[in-house]
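K.L.:
A single structure is presented below for examination.
Protein chains: 2
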Amino acid sequence: MENKQIKNESITSRSEDFAQWYTDICKKAELMDYTSAKGFIIYRPYGYAIWEEIQNYLNKRFKATGHHNVYLPTVIPESLFNKEKEHVAGFAPETLICTIGGQSELEDRLIVRPTSEVLFCEHYAKVISSYRDLPKLYNQWCSVVRWEKTTRPFLRGAEFLWQEGHTMHETEEEARTEALQMLEIYDDLGRDVLAIPFSKGRKTEKEKFAGALETYSIEALMPDGKALQSGTTHYFGNGFAKAFGVQFQGRDGKLANPHQTSWGVSTRLIGAIIMVHGDDNGLVLPPYVAPTQVVVIPVAANKPGVIPAARELAKNLEKTGLRISLDESDKSAGWKFSEYEMKGVPIRVEIGPRDIENGVATVVKRNDGTKASVKLEELNDYILNLVKVIHKEMYDKALKYLLEHTTEAHSIEELKDIVDNKGGYAKMMWCEDQACENKIKELTNATARCIPFNQIPFDDVCPCCGKKAKKVVLFAKAY
Amino acid sequence: MENKQIKNESITSRSEDFAQWYTDICKKAELMDYTSAKGFIIYRPYGYAIWEEIQNYLNKRFKATGHHNVYLPTVIPESLFNKEKEHVAGFAPETLICTIGGQSELEDRLIVRPTSEVLFCEHYAKVISSYRDLPKLYNQWCSVVRWEKTTRPFLRGAEFLWQEGHTMHETEEEARTEALQMLEIYDDLGRDVLAIPFSKGRKTEKEKFAGALETYSIEALMPDGKALQSGTTHYFGNGFAKAFGVQFQGRDGKLANPHQTSWGVSTRLIGAIIMVHGDDNGLVLPPYVAPTQVVVIPVAANKPGVIPAARELAKNLEKTGLRISLDESDKSAGWKFSEYEMKGVPIRVEIGPRDIENGVATVVKRNDGTKASVKLEELNDYILNLVKVIHKEMYDKALKYLLEHTTEAHSIEELKDIVDNKGGYAKMMWCEDQACENKIKELTNATARCIPFNQIPFDDVCPCCGKKAKKVVLFAKAY
Chain A
-3 MENKQIKNES
7 ITSRSEDFAQ
17 WYTDICKKAE
27 LMDYTSAKGF
37 IIYRPYGYAI
47 WEEIQNYLNK
57 RFKATGHHNV
67 YLPTVIPESL
77 FNKEKEHVAG
87 FAPETLICTI
97 GGQSELEDRL
107 IVRPTSEVLF
117 CEHYAKVISS
127 YRDLPKLYNQ
137 WCSVVRWEKT
147 TRPFLRGAEF
157 LWQEGHTMHE
167 TEEEARTEAL
177 QMLEIYDDLG
187 RDVLAIPFSK
197 GRKTEKEKFA
207 GALETYSIEA
217 LMPDGKALQS
227 GTTHYFGNGF
237 AKAFGVQFQG
247 RDGKLANPHQ
257 TSWGVSTRLI
267 GAIIMVHGDD
277 NGLVLPPYVA
287 PTQVVVIPVA
297 ANKPGVIPAA
307 RELAKNLEKT
317 GLRISLDESD
327 KSAGWKFSEY
337 EMKGVPIRVE
347 IGPRDIENGV
357 ATVVKRNDGT
367 KASVKLEELN
377 DYILNLVKVI
387 HKEMYDKALK
397 YLLEHTTEAH
407 SIEELKDIVD
417 NKGGYAKMMW
427 CEDQACENKI
437 KELTNATARC
447 IPFNQIPFDD
457 VCPCCGKKAK
467 KVVLFAKAY
Chain B
-3 MENKQIKNES
7 ITSRSEDFAQ
17 WYTDICKKAE
27 LMDYTSAKGF
37 IIYRPYGYAI
47 WEEIQNYLNK
57 RFKATGHHNV
67 YLPTVIPESL
77 FNKEKEHVAG
87 FAPETLICTI
97 GGQSELEDRL
107 IVRPTSEVLF
117 CEHYAKVISS
127 YRDLPKLYNQ
137 WCSVVRWEKT
147 TRPFLRGAEF
157 LWQEGHTMHE
167 TEEEARTEAL
177 QMLEIYDDLG
187 RDVLAIPFSK
197 GRKTEKEKFA
207 GALETYSIEA
217 LMPDGKALQS
227 GTTHYFGNGF
237 AKAFGVQFQG
247 RDGKLANPHQ
257 TSWGVSTRLI
267 GAIIMVHGDD
277 NGLVLPPYVA
287 PTQVVVIPVA
297 ANKPGVIPAA
307 RELAKNLEKT
317 GLRISLDESD
327 KSAGWKFSEY
337 EMKGVPIRVE
347 IGPRDIENGV
357 ATVVKRNDGT
367 KASVKLEELN
377 DYILNLVKVI
387 HKEMYDKALK
397 YLLEHTTEAH
407 SIEELKDIVD
417 NKGGYAKMMW
427 CEDQACENKI
437 KELTNATARC
447 IPFNQIPFDD
457 VCPCCGKKAK
467 KVVLFAKAY
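Below, the structure is given as structure tokens:
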């Protein structure tokens, strides 16, 4: 059945101005608000609740894989921060620095943490002395500050919420396995919770995290054709451990430096959800991450019996264990339809006098607007199944877009045409020479998003230099 | 049966040096660690897990009473912070200030949040315009920074973890009710989860929070005779709302300023748990907040059948839904006994060859060291009941101490004797004149902890000035 949704006139359409559409949703769906601290945002209840669902899923997965939550200081002494050169170079330009404490000038200035590798290393140096102390598998939920010049809600901000895992291992192999394992958990989050298909792979040398030997990432493709780096995991080798004096007595009795990883996802994922799934009526939330999964709306609520029937229906729906909400405020049903469409609630259940007469409720899917009339006694089972259906439909739609916008580029001109006009990934065979990567960026503004794990070579030479091609790389413009 | 626990020699005894005993536990039970950022600590996995249990309980209670979690910036522009004079005066001396961002001097310096009233007000001014928008019931889990000169783990630190609720209401009555309701929830946390009896009451004018019209608090009594303020709730009236331009159109069509509350508890509660319940063998955790509630320890683990029996027992115990852990490491049983005593695990289940022969396990209570031999088929029910028993015993013991250390003072000399020698609360009739409160502090170093809700007058005059007494007050030395 066709969608009869009332068009919400208050947001810009995606085709008209994608960036403005995005910002409109952030505000109108009440996900965030700006503050007088430039670049710093407020995570409003509805936005924060999405983050809490992401936290719930990840906390379970992290704990099931042996990780423990901890909390480390919000500031890092500058002297400590400066101990690892490459790392400092990567973050120094965008740090926020405290110079005054208790009305006195600080001798050792304090950097508001942009990431916590050095703090974890300092602590690990104290608590690790034997191979028996390994692995150490810690995670922290917190905010970090990076002094960005241009900011956009959830995508790039002076402060964002994230989790940062920091682990220490006896062997290189174990640490590398950890970095890959955590990437798989992020990928599962995308597939099973956010309904977002990620492209998984390794970062090029140029795109690696400051100080890491290896960076892996999950990349999501946005409907404007740009890629969004959505999570990264890093293998550090033992460089940080050496710099910070983290060492342990091995099984052979000799002292060694442990091998380190770190990994994180952030509230940027909320930006990915908005862009991948949203439409011109507002947010479209994947059901497993939606703060409200089903909203019950009485129609012609002033007619006798409607409110009681809506209450009974909502109460009964609670038995599904889903997150149900009932809106019995005195606003019109039409107003409510628009409102919950804007907020992206996956399922709307309407009940009015005619529904009551027929012993049914009207069920509307947010993702495609289709309606169905469902017998009340079958409603709970229907809704429970519908959640799965909607999740799959949303994932499949995003996957279709991803596949349709991953295009082989056999020349730099083709690559440029793909990223400029068609949008999405230009898949290219690459010689692994950074000069070609630089040249591509210069000519097309596209960057190497990742060297996907799934390597299916399709050309012999790098189209940039004509030398032997070694790797399939996904190039795209990126957020 | 008598306690046969092996004395852990590595911590100072309580009677020898209470402060050192406290610090020893913080370190040896692996609750926290120091960092090179002076006054900032690391919440290690075991300490943080206790905080997570507190969060789980409070989040449920907060959500059931209609509150929503949000996240506001970690920094406050100095210009915004300076908008409410009394508040500024209260916090300015202990702020940490950022002056450099992205390598440039900041025009408007940023204060690392010591508390977030002003940020909430700024946001509320934007999202409240009608009585229909009220109440706004927001809570935030975060850390705050206060530049303290002398710090002690969990009790007073440059940074601590807390929750801060900030609400806006249509009427004074509703806001006052909210402040009292949240105090009740904190009190429930003490009684039902932490096994700590709190004294509830109102703060005197002198002891109120900066900018509040009314401050309520829960106070816990420590075994060294000092009180620990463990949580506060505040009624602000509409002073902040006026200063920040928060207003709404009321039911009468007129503009008005909403009435505000804020309320918070912090990781200071971990300090309370340590002091109230701990003993010379280490931490003693109340069962509902213990990260591990039952530890299973194989005895003579190298004997055939012991490890498999311990595993089966532990697996079976999982069915209780309690947090169970099995230690099958190669350390000696005696070492493990000491270790889990230090960590305060409420119940230890030992299983050795003789137990297996008799179809029993040995159950040891951490709180009093008593042992029992329990048939394996009855073990789960026994343990489930034991959790309740232990909680009640721990609460009752703390309550007994509290009652025994609450003493009527009929003169300043008596008050001084109580707080100096006996320890605990000196309960005194007070004229409500701040001059007397100041004098008492000067003479005895005791402060008015609270004016308890439960008022049972026992004298006619204030022993300090001889004027008519109006209120029963609890005086004590405090952390």
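Residue numbers (the numbering used here), protein chains in the order written: chain A, -3 to 475; chain B, -3 to 475.
We treat Cβ as the ideally placed atom computed from N, Cα and C, and that holds for glycine.
Report the option in A/Asp456, A/Glu80, A/Val302 whose CA atom is closest to the CA atom of A/Glu118.
P.N.:
Answer by Cα proximity: A/Glu80.
K.L.:
List, in chain order, every chain B residue whose beta-carbon is nearer than 7 Å to that of A/Trp40.
P.N.:
It should be noted that the sequence gives Arg, not Trp, for residue 40 of chain A. In chain order: Val66.
K.L.:
Which partner residues does A/Ala472 have in the DSSP bridge list?
P.N.:
Answer is A/Thr443.
K.L.:
If we cut at 8 Å on Cβ distances, does B/Ser258 have a partner in chain A?
P.N.:
No, because no Cβ of chain A sits closer than 8 Å to the Cβ of B/Ser258.
K.L.:
Between B/Ile72 and chain A, is any beta-carbon pair separated by less than 8 Å?
P.N.:
True, the Cβ-Cβ gap to chain A drops below 8 Å.
K.L.:
With a threshold of 8 Å between beta carbons, is B/Asp184 in contact with chain A?
P.N.:
It does not: the Cβ of B/Asp184 has no partner Cβ on chain A nearer than 8 Å.
K.L.:
Along chain A, which residues have their Cβ under 8 Å away from the Cβ of B/Lys81?
P.N.:
Per Cβ cutoff of 8 Å: no residues; B/Lys81 is ~18 Å from chain A at best.
K.L.:
In chain B, which residues lie with their C-beta within 9 Å of the C-beta of A/Tyr421?
P.N.:
What A/Tyr421 touches in chain B: nothing, since even the nearest Cβ is about 32 Å away.
K.L.:
Under 8 Å by Cβ, that's how I've got B/Val285 and B/Glu49 pegged, so tell me the actual separation to the nearest angstrom.
P.N.:
Rounded, the Cβ-Cβ distance is 5 Å, consistent with contact.
K.L.:
What are the start and end residues of each continuous beta strand (DSSP E) run of 3 or more residues lying completely inside the stretch 229 to 259 of chain A, in chain order?
P.N.:
You should have found no qualifying run.
K.L.:
Using a C-beta cutoff of 8 Å, does B/Cys94 count as contacting chain A?
P.N.:
Taking Cβ atoms only, chain A reaches closer than 8 Å to B/Cys94, which makes this a yes.
K.L.:
By the criterion of Cβ-Cβ separation under 8 Å, what are the contact partners of B/Gly241 in chain A?
P.N.:
Result: empty, since nearest Cβ-Cβ is about 13 Å, beyond 8 Å.
K.L.:
So that I know if they touch, is there some Cβ in chain A lying closer than 8 Å to that of B/Gly340?
P.N.:
Cβ-Cβ to chain A under 8 Å: no for B/Gly340.
K.L.:
For A/Ala239, which residues in the same chain have their Cβ closer than 8 Å to its Cβ, ignoring the five residues on either side in sequence?
P.N.:
Lys79, Glu80, Cys117.
K.L.:
Determine, using beta carbons only, whether A/Lys477 comes closer than 8 Å to chain B.
P.N.:
For residue 477 of chain A there is no data in the structure shown, the boundaries of chain A being -3 and 475.
K.L.:
A/Gly267 versus chain B: which residues are under 9 Å apart at the beta carbon?
P.N.:
What A/Gly267 touches in chain B: nothing, since even the nearest Cβ is about 15 Å away.
K.L.:
Check for me: the alpha helix (DSSP H) holding B/Val383 runs from which residue to which?
P.N.:
Counting along the chain, the alpha helix (DSSP H) containing B/Val383 begins and ends at 375 to 400.
K.L.:
Is there at least one Cβ from chain A nearer than 8 Å to B/His488's Cβ?
P.N.:
Look at the range of chain B in this structure, -3 to 475, and you will see that residue 488 of chain B is not part of it.
K.L.:
Could you give the distance in angstroms between the alpha-carbon of B/Cys460 and the alpha-carbon of B/Trp426?
P.N.:
Going from the Cα of B/Cys460 to the Cα of B/Trp426 covers about 8 Å.
K.L.:
Just to confirm the assignment, what range does the beta strand (DSSP E) spanning A/Pro294 have?
P.N.:
Segment 290 to 294, the beta strand (DSSP E) holding A/Pro294.
K.L.:
Starting from A/Ser139, find everything on chain B with Cβ-Cβ shorter than 7 Å and list it in chain order.
P.N.:
What A/Ser139 touches in chain B: Thr70.
K.L.:
Is it the case that the Cβ atoms of A/Lys145 and B/Gly98 are separated by a distance below 8 Å?
P.N.:
Yes, Cβ-Cβ distance for A/Lys145 and B/Gly98 is below 8 Å.
K.L.:
Given this structure, state the Cα-to-Cα distance separating B/Met338 from B/Leu133, to the nearest angstrom.
P.N.:
If you take the alpha carbons of B/Met338 and B/Leu133, they lie about 40 Å apart.
K.L.:
Quick one: residues in its chain with C-beta nearer than 7 Å to the C-beta of B/Glu90, no 5 flanking neighbours on either side, listed in chain order?
P.N.:
Closer than 7 Å at Cβ, skipping near neighbours: Pro110, Arg142, Trp143, Glu144.
K.L.:
Assuming B/Asp416 and B/Phe244 make a contact with CB atoms under 8 Å, what is their CB distance in whole Å?
P.N.:
Contact doesn't hold; Cβ gap of about 52 Å is too wide.
K.L.:
Consider the Cβ of A/Lys145: report whether some Cβ of chain B lies at a distance smaller than 8 Å.
P.N.:
Taking Cβ atoms only, chain B reaches closer than 8 Å to A/Lys145, which makes this a yes.
K.L.:
So with Cβ pairs under 8 Å, would you call A/Leu76 a contact of chain B?
P.N.:
Taking Cβ atoms only, chain B reaches closer than 8 Å to A/Leu76, which makes this a yes.
K.L.:
B/Glu26 and B/Tyr39: beta carbons closer than 8 Å?
P.N.:
The answer is no: Cβ separation not under 8 Å.
K.L.:
Using 7 Å as the cut-off, classify the Cβ of A/Cys432 as near or not near the heavy atoms of the ligand COA, replying yes or no.
P.N.:
With respect to the ligand COA, the structure offers nothing, as it holds no ligand at all.
K.L.:
Looking only at C-alpha atoms, which of B/Tyr421, B/Phe156, B/Gly330 sits nearest to B/Pro294?
P.N.:
When only C-alpha atoms are compared, the closest one is B/Gly330.
K.L.:
Can a CB atom of chain B be found closer than 8 Å to the CB of A/Glu90?
P.N.:
A/Glu90 counts as touching chain B.
K.L.:
According to DSSP, is A/Arg109 helix, strand or coil?
P.N.:
Coil, per DSSP.
K.L.:
Helix, strand or coil: which one does DSSP assign to A/Asp20?
P.N.:
Helix, per DSSP.
K.L.:
Can you find a CB in chain A that lies within less than 8 Å of the CB of B/Tyr284?
P.N.:
By this cut-off, B/Tyr284 is not an interface position.
K.L.:
If you drop the 5 nearest sequence neighbours on each side, which residues of the same chain put their C-beta closer than 7 Å to that of B/Trp47?
P.N.:
So the list reads Tyr39, Leu157, Thr263, Ile266, once near-sequence residues are dropped.
K.L.:
Give the straight-line distance between the Cα atoms of B/Arg148 and B/Gly420, rounded to the nearest whole angstrom.
P.N.:
Their backbone Cα atoms lie some 21 Å apart in a straight line.
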